[in-house]
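Q: Encoded as structure tokens, here's the structure I'll be asking about.
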Amino acid sequence: MDWITHDEDVWFEFRGNSPQQLTPGRYYKGTVDGFAEFGVFVDLAKGVTGLLHRSELDRRLESLDWESGDTVFVQVKNIRDNGNIDLGWSIRQSEREFRGSKVHDPNGDHDGEPVDSSDDDDSGPVKMKPKGSTGSTSGRGNGKSQSRSDEENEESDAGRSDADDGADAESSDADDTGADADAQSEADESEERAVPSDDGNADDVAETDADEDRFTLVTVDSLEERVGDDVRLEGEIVSTRQTGGPTIFELRDETGVVDCAAFVEAGVRAYPDIEEGDVVRLDGEVEMRRDELQVETEDLAALDGEEEQAVLQRLEDALAAKARPESVEPLADHASVEAVTERLTDAAEALNRAILESQPIVVRHPATADGYVAGAAVERAVLPRIREEHDRADAEYHYFTRRPLDDPVYGMDAATNDVTRMLQDEQRHGEKLPLVLLLGVGATAESLDGLGLLGVYGANRVVVDAADADEDVEDEADVVVSPGLVGADASDLSTGALGANLAAALDTDIREDIGHLPAVSYWEDTPEAYLELAEEAGYDADRTRELREAIALEAYYQSYEDKRELITDLLFDDGVSAGAQRAADAVEGNLAGHIAEQFRIKLDTEVETAQANLEERTEGDVTVAVLDADAYTHRFDFPPTSLLVDELHRRNREGDDYVTVATSTDELFVRGTADVDIRAVAEAAREAVPEGGVTAVAVRDNRIEFLSGARDDVVEAVIDAVVDQF
1474 MDWITHDEDV
1484 WFEFRGNSPQ
1494 QLTPGRYYKG
1504 TVDGFAEFGV
1514 FVDLAKGVTG
1524 LLHRSELDRR
1534 LESLDWESGD
1544 TVFVQVKNIR
1554 DNGNIDLGWS
1564 IRQSEREFRG
1574 SKVHDPNGDH
1584 DGEPVDSSDD
1594 DDSGPVKMKP
1604 KGSTGSTSGR
1614 GNGKSQSRSD
1624 EENEESDAGR
1634 SDADDGADAE
1644 SSDADDTGAD
1654 ADAQSEADES
1664 EERAVPSDDG
1674 NADDVAETDA
1684 DEDRFTLVTV
1694 DSLEERVGDD
1704 VRLEGEIVST
1714 RQTGGPTIFE
1724 LRDETGVVDC
1734 AAFVEAGVRA
1744 YPDIEEGDVV
1754 RLDGEVEMRR
1764 DELQVETEDL
1774 AALDGEEEQA
1784 VLQRLEDALA
1794 AKARPESVEP
1804 LADHASVEAV
1814 TERLTDAAEA
1824 LNRAILESQP
1834 IVVRHPATAD
1844 GYVAGAAVER
1854 AVLPRIREEH
1864 DRADAEYHYF
1874 TRRPLDDPVY
1884 GMDAATNDVT
1894 RMLQDEQRHG
1904 EKLPLVLLLG
1914 VGATAESLDG
1924 LGLLGVYGAN
1934 RVVVDAADAD
1944 EDVEDEADVV
1954 VSPGLVGADA
1964 SDLSTGALGA
1974 NLAAALDTDI
1984 REDIGHLPAV
1994 SYWEDTPEAY
2004 LELAEEAGYD
2014 ADRTRELREA
2024 IALEAYYQSY
2034 EDKRELITDL
2044 LFDDGVSAGA
2054 QRAADAVEGN
2064 LAGHIAEQFR
2074 IKLDTEVETA
2084 QANLEERTEG
2094 DVTVAVLDAD
2104 AYTHRFDFPP
2114 TSLLVDELHR
2124 RNREGDDYVT
2134 VATSTDELFV
2144 RGTADVDIRA
2154 VAEAAREAVP
2164 EGGVTAVAVR
2174 DNRIEFLSGA
2184 RDDVVEAVID
2194 AVVDQF
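Number 2199 marks the last residue of the sequence shown (my numbering); no jumps.
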């Protein structure tokens, strides 16, 4: 096999036993060993495993259809001094897409020999030229995808010789064939551009007319009934992505979205002049690929002029009709929700438009029980809509992400993280910039910098918060839902309840599924209407308490994770999903009850220690309880300080004039029986202790930060300022 001359053209079978024996730059055949949040582990040999980091992929990690044990091809990019192996993505994922194979045998006698592939079962994609068609053959991708059919694969293999000594001739023939095909493609294109004379080429014209008649103009929502048919689609290209084989164009018309595969050769961009946002006409055959609808593209062309405008008008009319809810009916009788029904309608319309326009949705909410309830409610409404709109099985991972926040503030750190990810997804996967939905965060001036950063890049921003929003936020965000902005009293409203009402506005069919969620989100003083709603759904006070405590405990651990499956088990499957039932059987009880018991044990233990060290004193008519959280709590274990001070305040408050303060090295939390203006408190303390660096950083959490060296003076100044407000 002397025709194999370049390492980049072949794959290697590694028979060594040390990472240091690998050769950087070569492509190796490996086996998927496992998955992690940051990438895929691939075994190259026994005891030799490398990491394919998610940043090296040409698609999202979640959309890989690899499973443990699958054979894959990767490039060794680097071998570190500690033996770690950095792997790179190979767009070729079939032996046939390489020009050959070699043995890399650093310890034996077979190094450099061809791999004996007689026992290999390679059912992967085949590298081939597209079949000819009567449409344009300009090399832009007119042929069927490599995934078209086994019949085409057999045609591609028909000319292969069984003998090794025929490899040279076969390679040469393949190259000549490719050159002839390219030349013929140019000739065909020139011929198509020529205008036939009246006295000639009648047969060609008839063939073209017949080809036109093959394709019937249909809509995306009808494709399921047209598998195997030749169809024509008109719509907008909402995204493109390049796979190891075909180029995938995601086309949206007035009824839905479908993936369309166009193939010129493995890993080569088909129709490079077609871009996201183009209005196109696409001809192809409807296929069912891995239980997903896909159109195998035969011709794709951009529309302009009146044809383009007609399609755009159809899309806009359909979008307007589908996006805005006709009306929003609150889940229960609640004045503060009724006051913002118009704004809830605006928020629901913005989310619906994002789904219909294939725009990813990123949800940010606090890592608290209230925040998780709000986020899970919206997730419950949005995911079915995404699955309905997109035929891709992994669509929900591409178009919906929920990212909890440790702090109830959407600051520059969170915004920078989101901007970085969205730009990476735009560049690597061709995704649109997302709509960012902020639930229980982002409504105060402390979040303006983060919101502004999103705005610089043109990301849509929707803020939904039960607490009063600052007017400056309304100027910055696209939609703000906050009762305070319309003059309504929201003292008895939780963000979980507001998020559940938004979910009901998005999808009226889930009202029964989410009826218990508002009651779960309240730690105390739950409105009677939500208690009754939960009862109707089969959730009594004890059950909603268990759910709330279970969510609060799980929210603390790996707070930056959405924990989608676990939260679903807790909130919606009532502990009876397959996984939850196994857990329930193991502890002889339900899942939520088991976790809630752990919550209570941990919280009671911490509260008992804190109570013994709580210092109470009287300032005028106000009782002030102060806890040194550094000295008398476990700072890096459950419960977090904010939740602990909430519980202490609930258990100890007496009368109308009671304040609880928990202090740490450089921050403190304030709770009071009367409303506390934490910004005014911080300003007064800053004036009293100018060297203390006092700042109100989390208005929702009544949290103040300061310089640790001025701690004692700042604490006293804060207490004085709080008492003055009483």
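All residues carry an ideal CB built from backbone N, CA and C; glycine is no exception.
Skipping 5 residues on each side, what residues in its chain have a beta carbon closer than 8 angstroms to that of Met1885?
A: Excluding positions up to five away in sequence, the list reads Asp1922, Gly1923 and Leu1926.
Q: Apart from the five residues on each side of it in sequence, which residues of its chain come closer than 6 angstroms, Cβ to Cβ, to Thr1720?
A: Cβ neighbours of Thr1720 beyond the five flanking positions: Ala1735, Arg1742 and Ala1743.
Q: Checking the sheet assignment: what are the DSSP bridge partners for Arg1837?
A: Answer by DSSP bridge pairing, in chain order: Arg1876 and Leu1911.
Q: Could you tell me which residues DSSP pairs with Tyr2131 in its beta bridges?
A: Paired residues: Thr2096.
Q: By Cβ distance, which residues of its chain are closer than 8 angstroms to Leu2087, with the 5 residues on each side in sequence left out?
A: Ala2098, Val2099, Leu2100, Leu2121 and Asn2125, listed in sequence order.
Q: Helix, strand or coil for Asp1635 per DSSP?
A: Low local confidence applies: a pLDDT of 39 at Asp1635 is under 50, so the model's placement there is unreliable, and no value is given.
Q: Taking all protein chains shown into account, do 16 or more other C-beta atoms lie within 10 angstroms of the C-beta of Leu1755, making it buried, or fewer, making it exposed?
A: Flag for Leu1755 reads buried.
Q: Return the chain-ordered list of same chain residues with a C-beta closer than 6 angstroms to the C-beta of Ser1809, the five sequence neighbours on each side being excluded.
A: Excluding residues within five positions, the ones whose Cβ falls inside 6 angstroms are Pro1956, Ala1961, Ala1963 and Leu1966.
Q: State yes or no: is the beta carbon of Val2170 nearer than 8 angstroms to at least one beta carbon in chain B?
A: Of the protein chains in this structure there is only one, and it is not chain B.
Q: Which of helix, strand or coil does DSSP assign to Leu1433?
A: Only positions 1474 to 2199 of the chain appear in this structure, which leaves residue 1433 out of reach.
Q: Under the criterion of a Cβ to heavy atom distance below 7 angstroms, does Gln1832 qualify as lining the ligand SAM?
A: This structure does not include the ligand SAM; it has no bound ligands of any sort.
Q: By alpha-carbon positions, which one of Val1846, Gly1903, Leu1878 and Arg2016 ends up nearest to Tyr1443?
A: Absent from the model: residue 1443. The displayed extent of the chain is 1474 to 2199, so no value can be given.
Q: Would you kindly work out how many angstroms separate the C-alpha atoms of Glu1789 and Ala1827, rounded to a whole number?
A: Rounded to whole angstroms, Glu1789 to Ala1827 spans 13 angstroms at the Cα level.
Q: Distance check for Arg2173 and Ala1940, CA to CA, integer angstroms please.
A: Distance between the alpha carbons of Ala1940 and Arg2173 is about 8 angstroms.
Q: Looking at Val1549: is its Cβ nearer than 8 angstroms to the Cβ of Arg1488?
A: Their beta carbons are not under 8 angstroms apart, which means Val1549 does not touch Arg1488 by this criterion.
Q: Tell me which residue opens and which closes the alpha helix (DSSP H) that Ile2151 is part of.
A: That run of the alpha helix (DSSP H) goes Ile2151 to Ala2161.
Q: According to DSSP, Ile1710 sits in a beta bridge with which residue or residues?
A: Paired residues: Leu1724.
Q: Is the separation between the beta-carbon of Val1836 and that of Val1851 shorter than 8 angstroms?
A: Contact: yes.
Q: Nearest-angstrom Cα distance between Arg1894 and Asp2130?
A: So the alpha carbons of these two residues sit roughly 47 angstroms apart.
Q: Does the Cβ-Cβ distance between Ser2137 and Ala2085 come in under 8 angstroms?
A: No. Outside cutoff.
Q: Taking Leu2043 and Leu2064 to be in contact with their CB atoms under 8 angstroms, please state how far apart those CB atoms are, rounded to whole angstroms.
A: Right, the Cβ-Cβ distance comes to about 6 angstroms (below 8 angstroms), so this counts as a contact.
Q: Would you decide whether Asn1490 is buried or exposed? Buried here means 16 or more other CB atoms lie within 10 Å of its CB.
A: Counting Cβ neighbours within 10 Å, Asn1490 comes out exposed, since fewer than 16 surround it.
Q: Should the segment 1798-1809 be regarded as contacting the segment 1770-1783, the criterion being three or more beta carbon pairs within less than 8 angstroms?
A: Too few Cβ pairs lie closer than 8 angstroms, so no.
Q: Using DSSP bridges, identify the partner residues of Phe2045.
A: DSSP output for Phe2045 lists no bridge partner at all.
Q: Are the Cβ atoms of Ala2135 and Ile2151 separated by less than 8 angstroms?
A: Not a contact, by the Cβ cut-off of 8 angstroms.
Q: Measure the C-alpha to C-alpha separation of Glu2070 and Ala1977 and round it to an integer number of angstroms.
A: Approximately 31 angstroms, taken between the alpha carbons.
Q: Run the CB neighbour count on Asn1825, radius 10 Å, all protein chains shown included, and call it buried at 16 or more, exposed below.
A: With 16 or more other Cβ atoms within 10 Å, it is buried.
Q: Are the CB atoms of Leu1724 and Leu1696 nearer to each other than 8 angstroms?
A: Not closer than 8 angstroms, so no.
Q: In whole angstroms, give me the CA-to-CA distance for Glu1802 and Asp1843.
A: Rounded to the nearest angstrom, the two C-alpha atoms are 22 angstroms apart.
Q: Grab me the residues of Ser1800's own chain with a C-beta within less than 6 angstroms of its C-beta, minus the 5 sequence neighbours each way, in chain order.
A: The answer is none, since no qualifying residue turns up.
Q: Give me the DSSP bridge partner(s) of Asn1933.
A: BP columns for Asn1933 point to Leu1908.
Q: In whole angstroms, give me the CA-to-CA distance for Pro1991 and Asp2013.
A: Approximately 13 angstroms, taken between the alpha carbons.
Q: Do the segment 1967-1976 and the segment 1942-1951 meet, that is, are 3 or more Cβ pairs less than 8 angstroms apart?
A: Touching, no.
Q: I'd like the list of long-range same chain contacts for Glu2061, defined as Cβ closer than 7 angstroms, with 5 residues on each side in sequence excluded.
A: Reliability of the predicted coordinates at Glu2061 is poor, the pLDDT of 44 falling under 50, and the value obtained from them is presented with this limitation in mind. No residues qualify anywhere along the chain.
Q: Leaving out the 5 sequence neighbours to the left and right, which residues in its chain are closer than 8 angstroms to Glu1869 when beta-carbon positions are compared?
A: Cβ neighbours of Glu1869 beyond the five flanking positions: Leu1856, Ile1859 and Arg1860.
Q: Between the Cα of Val2155 and those of Ala2147, Asp2139, Asp1943 and Ile2177, spot the shortest distance and give me the residue it belongs to.
A: According to the sequence shown, residue 2155 is Ala rather than Val. Ranking the options by Cα distance to Ala2155, first place goes to Ile2177.
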